[in-house]
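Quick note on the numbering used here: the sequence shown kicks off at 413 and runs consecutively.
No residue lacks a Cβ here, since even glycine has one placed at the ideal position from N, Cα and C.
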Amino acid sequence: MVNLNEAVFTTKGVVIDKNPILYVSHDEDDGAWQFHDGSDVDIEGSMLVSFGEILELDHSVSDIIDLPIGWIAEREGPDGVWRKSPIG
413 MVNLNEAVFT
423 TKGVVIDKNP
433 ILYVSHDEDD
443 GAWQFHDGSD
453 VDIEGSMLVS
463 FGEILELDHS
473 VSDIIDLPIG
483 WIAEREGPDG
493 VWRKSPIG
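Below, the structure is given as structure tokens:
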């Protein structure tokens, strides 16, 4: 079960500009979650928010809440189907 208060990495594009989340990783090295809109991100464009905030922004993330550590999920657009695969 995911802790809705867990801090996750995302971008200002996702949170402020409301861009759709198109790429999610559940990192192998530390188990951290990352949620991106597909654009290039630098440190100034990064944000730390709660998992619950991500779910409020994009309810489709609930479809991949069981994404194992060491896996990614991607989709073509906001209405696309999530495709899961191992990192690498």
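Anticipated Cβ contact below 8 Å, LYS496 with LEU469, distance rounded = That pair is no contact at about 20 Å.
key: Environment of VAL436 [buried if 16+ CB atoms lie within 10 Å]   = buried
query = Do THR423 and GLY450 come within 7 Å of each other at the CB atom, strictly closer than that value?
reply = no
key: ILE428: first and last residue of the uninterrupted alpha helix (DSSP H) it sits in   = Unbroken run through ILE428: none, as it is neither H nor E.
ask   = In or out: LEU434 buried (at least 16 other Cβ within 10 Å) or exposed?
value = buried
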